[in-house]
Amino acid sequence: MRNSGKYHNYELHPVKRMEGFDKQAWEGAGAIGKILQERVSGILQQKNKAVVCFDMYPGVRKEEILCLAETLRPVQIWDMEDYARTEDDINQMFADFITNDRVFGVMCHKKIDSLFEAEKLEQARAELKATAQGCVVIMGMGAGILSEGDLYIYCNLTRWEIQLRYRAGMPNWHCTNTDAPILSKYKKGFFVEWRLADRHKRERYERFDFMLDTEQQGKPKLITGDAFRAALDRTSREPFRMEPYFDPGVWGGHWMQENFGLDPEQENFAWSFDGVPEENCLLFGFGEITVKVPAIDLVLYRPHELLGERVHGRFGAEFPIRFDLLDTMGGGNLSLQVHPLTEYIQDTFGMHYTQDESYYLLDTDDSKETYVYLGLQKDVDREAMAQDLKAAETGEIPFPAEKYVNQIPVKKHDHVLIPAGTIHCSGQDTMVLEISATPYIFTFKLWDWGRVGLDGIPRPIHIEHGLKNIQWDRDTDWIYDNVVGQQEIVAQGEGYRIERTGLHEREFLDTFRYTVRDCLTVTMEDSVHMMNLVEGSHAWIESVDGSFQPFEIHYAETAIVPAKAGAYKIVAGEEEIMLVAASVR
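Here it is in structure tokens:
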């Protein structure tokens, strides 16, 4: 395997150190309970009643928060689920967003108060007001709509941890669907629960007295609201990495195991998510305590600084760029697939934009022929292809992919562009850096090579969706004219070369590859930059005006430079490096 174990310096847990807040972080239920008790005692010295609000992201373990709340010796605890609509009512109310599809729903536009019965909330507010003295606790998802209280604690959780809890049997919020398929739980979270919770949280960042990290069971961590906001504010102005996570798959390979030091006992790793703010987290170090914060909080709290005015004006508080790694070294082909056209994803799923993407070949096995499937063969009979796809779905035949789809030879550092509507998949024995727009679950699988998922269940196939989006004119000639071999040198000089490697004119992202032996200054053009070091052991991202400390990036790591950071310098170490950066054109 080419480049196997080349550098061994990929950082699995990148921590951003925060100075000045060491005394505003606590770890463990005992220490956290003590500081909250002190705060409640201080409030009760000023007045007769102290209202404590534990507002929770869906997926937070309620029993852990209850144990913490009970250390405050409350005279009463209000549980938000007591005021929720019934599970059946919620499912009926949100049925159009949840849908009957195994994978896809529709983006929900409602607010969190729609989960609750208004009359019950009003009655609870009256009872809360009537409570004359002592500590009272409000807890649960959306607790802030009942009252933000005298002490407001937000109980946070990353979406990756939520997915792991789904797999372990956790149901959706206020649901009994413990044994439901993981895809069903994820769909309800993605399209409904997380949308409601994010809108609710975004309106209240400035009001949090504390942020509680509930990621590790039995190991809560607490920081003050001031420390939480200061960490996000600083991160919005200087380069940073998120903590990656990895997942196996039916086509997964072994490149990441050998290069990143992942668990060798695992059968494979298919995906690395190192550049998905919706699901990755930030690690903030406060003295000896490291706190996990969902990276989506940065996007929601400081969108102008992070994205830039031009990008924010177009996308709002949404991070539009996504980097991930697809490992098929020693594995198999990805599923043959197509992504929806813009108008299709808008009309069908309520998304603003679609999943245009590209494959940057971070590595290939140079002892084998390696390729990607991309675009259609010339003069394809679409009716025959549709019939064969449907026959393959029912198991009548294996789909003859090579009859209909081009196999495009690829090698290390090739960049293949994939505008939505282009049939594609990566072949085996490749290591792909996938650079794409963010709507990452809208993949219409057409053929999965007769495989079943790791759970033994056939993975979802969406032929009807796919056939409505395949662009049949994207044949062999179109592919080579438009999306293969499109790199062009835009500038070069002593010690550097700048190449534009994509993307296609239908895609809103631009990518540049910087080859640097010494130092090169890059302008931002009022757009956030997401980047990956695709060659070389390490490089530094340095401020032109000294506004941030030099930031080190290692081979194959993804990093983000916020628009607010301004122009930056790429500084090589002892060797020539290559860095690929994406921005909104």
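Taking the working numbering, the leading residue of the sequence shown gets 7, the next gets one more, and so forth.
Glycine included, every Cβ here is placed at the ideal spot set by N, Cα and C.
Among the candidates I144, K117, V256, I188, whose CA atom is the shortest distance from the CA of W200? K117
Limits of the alpha helix (DSSP H) - the one that I576 falls within: No alpha helix (DSSP H) contains I576, which is instead part of the beta strand (DSSP E) from 574 to 578.
Buried or exposed (CB count within 10 angstroms, at least 16 for buried), M7: In this prediction, M7 has a pLDDT of 46, which is less than 50 and means its spatial position is unreliable; what the coordinates show is noted afterwards. The residue in question, M7, is buried, as its Cβ has 16 or more Cβ neighbours within 10 Å.
Looking at the secondary structure, which residues open and close the beta strand (DSSP E) in which Q434 lies? Taken as a continuous stretch (DSSP letters only), Q434 belongs to no beta strand (DSSP E), as it is neither H nor E.
Where N412 and I429 are concerned, what is the direct C-alpha to C-alpha distance, given to the nearest angstrom? 9 Å
Alpha carbon of K207 to alpha carbon of R465, nearest angstrom: The straight-line gap from Cα to Cα measures roughly 34 Å.
With distance defined between alpha-carbon atoms, name the residue in G255, G491, T370 nearest to I463. G255
What are the uninterrupted segments assigned as alpha helix (DSSP H) that are 4 or more residues long and contained completely in the stretch 114 to 165, given in chain order? 124 to 136
At a cut of 8 Å, does the stretch 299 to 306 reach the stretch 172 to 189 through at least three beta carbon pairs? With a cut-off of 8 Å, the stretch 172 to 189 and the stretch 299 to 306 do not count as touching, because too few Cβ pairs lie within range.
6 Å Cβ shell around V344 - same chain, five flanking residues per side excluded: I429, F450, G472, N475, I476
Where W453 falls, given that 16 or more other Cβ within 10 Å makes a residue buried: buried
List the endpoints of the continuous beta strand (DSSP E) containing Y366. Counting along the chain, the beta strand (DSSP E) containing Y366 begins and ends at 363 to 370.
Short Cβ contact (8 Å threshold) for Q434 with T334: yes
Between D88, G381, G338, E294, which has its C-alpha nearest H180's C-alpha? D88
Is the stretch 541 to 556 touching the stretch 277 to 294 in the sense that three or more CB pairs, one from each, lie closer than 8 Å? no
Cβ neighbours of E221 in the same chain (closer than 7 Å, five flanking residues each side left out): L163, T164, E167, K298
Quick check on H310: does DSSP put it in helix, strand or coil? helix
Look at V496 and P245 and say whether their C-beta atoms are less than 8 Å apart. no
Give the straight-line distance between the Cα atoms of F196 and I469, rounded to the nearest whole angstrom. 22 Å
Does E440 pass the burial test, meaning 16 or more other C-beta atoms within 10 Å, or should it be called exposed? buried
Taking DSSP's pairing of strands, which residues face Q43 in a bridge? None; Q43 has no bridge partner.
For Q51, count neighbouring Cβ atoms within 10 angstroms of its own Cβ and tell me buried if that reaches 16, exposed if not. exposed
Using only alpha-carbon positions, find the residue among L78, E541, H14, L331 that is nearest to G39. L78
If you run the structure through DSSP and keep just helix, strand and coil, what is E582? Three-state DSSP puts E582 in coil, outside helix and strand.
Suppose you measure from the CA of F365 to the CA of L395; what does that come to, to the nearest Å? The amino acid at residue 365 is misidentified as Phe; the sequence shows Tyr. Cα to Cα, the separation comes out at about 24 Å.
Within 10 Å of its beta-carbon, does V590 have 16 or more other beta-carbons around it, so buried, or fewer, so exposed? buried
Might you give, ordered along the chain, the residues of its own chain that have their beta carbon closer than 6 Å to the beta carbon of I327, omitting 5 neighbours on each side? M536, A588
Three-state secondary structure assigned by DSSP to A391: Note that residue 391 is Met in the sequence shown, not Ala. Three-state result, M391: helix.
Is it a yes or a no for the stretch 131 to 143 touching the stretch 152 to 159, going by three-plus beta-carbon pairs under 8 Å? Yes: at least three Cβ pairs fall under 8 Å.
S47 classed as buried or exposed, judged by whether at least 16 other C-beta atoms fall within 10 angstroms: With fewer than 16 Cβ atoms within 10 Å of its Cβ, S47 is classed as exposed.
H595 in three-state terms, based on DSSP: Given that the chain is displayed from residue 7 to residue 591, the structure contains no residue 595 and the question cannot be resolved.
Can the beta-carbon of L620 be found less than 8 Å from the beta-carbon of L228? There is no way to answer for residue 620, as the model of the chain reaches only from 7 to 591.
Under three-state DSSP, which class holds Q272? coil
Measuring CB atoms only, is the stretch 15 to 35 touching the stretch 570 to 581, in the sense that at least three cross pairs come out at less than 8 Å? no
Tell me which residues share the same chain as V282 and place their Cβ nearer than 6 Å to its Cβ, disregarding the 5 neighbours each side in the sequence. R328
Among Y16, M62, D94, which residue has its Cα nearest to the Cα of L268? For the set Y16, M62, D94, the Cα lying nearest the Cα of L268 is the one of Y16.
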